[in-house]
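In our numbering, the protein residues as written are 1 to 179.
All C-beta atoms in this analysis are idealised placements derived from N, C-alpha and C, irrespective of residue type, glycine included.
None of these values were measured; they are calculated from a predicted model.
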Ligand SMILES: [Zn+2]
């Protein structure tokens with residue numbers, strides 16, 4: 001499929017039909033973007049050069065594509081279903097109050113807050129193999145039972161058969177868990 005967008009933004013074509021760039025004389029400095037149906041509308045100051053326009057549109061397109069992907073995936077219920085399945089199989093059927101994708105954080109795969117029982121996972125993981133995502137979900141679910149990284153914690157996480165392999169994968173990618 002030909003690239004509809006002259007931009008180097010992964011996944012952009014999956015999320016938008018086209019990009020509309022609006023130049024406004026009234027805008028002095030601010031660049032903004034909004035999603036209108038399948039169209040990404042980026043509004044920029046009129047005085048921006050073509051190079052600046054390209055840079056800004058790339059930045060905004062990447063940000064908005066990620067936001068749309070996150071919303072789409074969270075609404076699909078797929079992650080919630082996967083978490084239930086993994087919890088039943090490996091983590092004593094524990095359940096999070098809320099589990100959701102969040103925009104990619106540079107080098108963090110996600111986090112678990114045992115207090116309100118919420119789990120957040122970086123969208124970056126959607127680019128990785130399924131068994132890596134599953135390991136991370138099992139890891140965060142296990143924190144609902146054991147908040148620290150004690151032997152008791154690893155005894156649970158190691159029930160997932162690809163734990164060692166997934167840990168090696170994430171280390172190689174420079175990914176760490178959050179707080
Ligand atoms: Zn952990």
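Can you determine whether any heavy atom of ligand 1 sits closer than 7 Å to the C-beta of residue i, and answer yes or no?
| i | result |
| --- | --- |
| residue 164 | no |
| residue 177 | yes |
| residue 139 | yes |
| residue 143 | yes |
| residue 149 | yes |
By how many angstroms is the C-alpha of residue j removed from the C-alpha of residue i?
| i | j | result |
| --- | --- | --- |
| residue 1 | residue 38 | Bear in mind that a pLDDT of 47 at residue 1, under 50, signals an unreliable position, so the model cannot answer this. |
| residue 105 | residue 128 | 15 Å |
| residue 19 | residue 57 | 9 Å |
| residue 81 | residue 50 | 45 Å |
| residue 59 | residue 160 | 38 Å |
| residue 136 | residue 171 | 12 Å |
| residue 144 | residue 75 | 23 Å |
| residue 34 | residue 62 | 12 Å |
| residue 113 | residue 122 | 15 Å |
| residue 43 | residue 118 | 35 Å |
On the DSSP letters alone, give me the boundaries of the beta strand (DSSP E) that residue i sits inside.
| i | result |
| --- | --- |
| residue 110 | 110-113 |
What residues in its chain sit with their C-beta under 7 Å from that of residue i, if we drop five residues either side in the sequence?
| i | result |
| --- | --- |
| residue 120 | 100, 102, 110, 111 |
| residue 11 | 65, 69 |
| residue 45 | 24, 27, 28, 29 |
| residue 133 | 125 |
| residue 142 | 91, 153, 156, 157 |
| residue 94 | 87, 141, 144, 145 |
| residue 116 | 97 |
| residue 138 | 86, 90, 91, 157, 160 |
Between which two residues does the alpha helix (DSSP H) holding residue i run?
| i | result |
| --- | --- |
| residue 126 | Looking at the DSSP string, residue 126 is not in any alpha helix (DSSP H), and its letter there is neither H nor E. |
| residue 177 | Where residue 177 is concerned, there is no enclosing alpha helix (DSSP H), given that its DSSP letter is neither H nor E. |
| residue 153 | 151-157 |
| residue 5 | Careful: residue 5 lies outside any alpha helix (DSSP H) and carries neither H nor E. |
| residue 163 | 163-172 |
Residues in its own chain within less than 8 Å of residue i by CB, not counting five upstream and five downstream?
| i | result |
| --- | --- |
| residue 131 | 162, 165, 166 |
Spatial neighbours of residue i within its chain, please: CB distance less than 6 Å, with the 5 preceding and 5 following residues excluded, ordered by chain position.
| i | result |
| --- | --- |
| residue 150 | none |
| residue 177 | 109 |
| request: Please go through the region 11-55 and give each complete beta strand (DSSP E) segment of 3 or more residues, from N-terminal end onward. | output: Listed in chain order, they are 18-24, 32-36, 39-45.
| request: Could you tell me which uninterrupted alpha helix (DSSP H) segments, each at least 4 residues in length, are contained entirely in the region 70-100, listed from first to last along the chain? | output: The region 70-100 contains these whole alpha helix (DSSP H) runs: 78-90.
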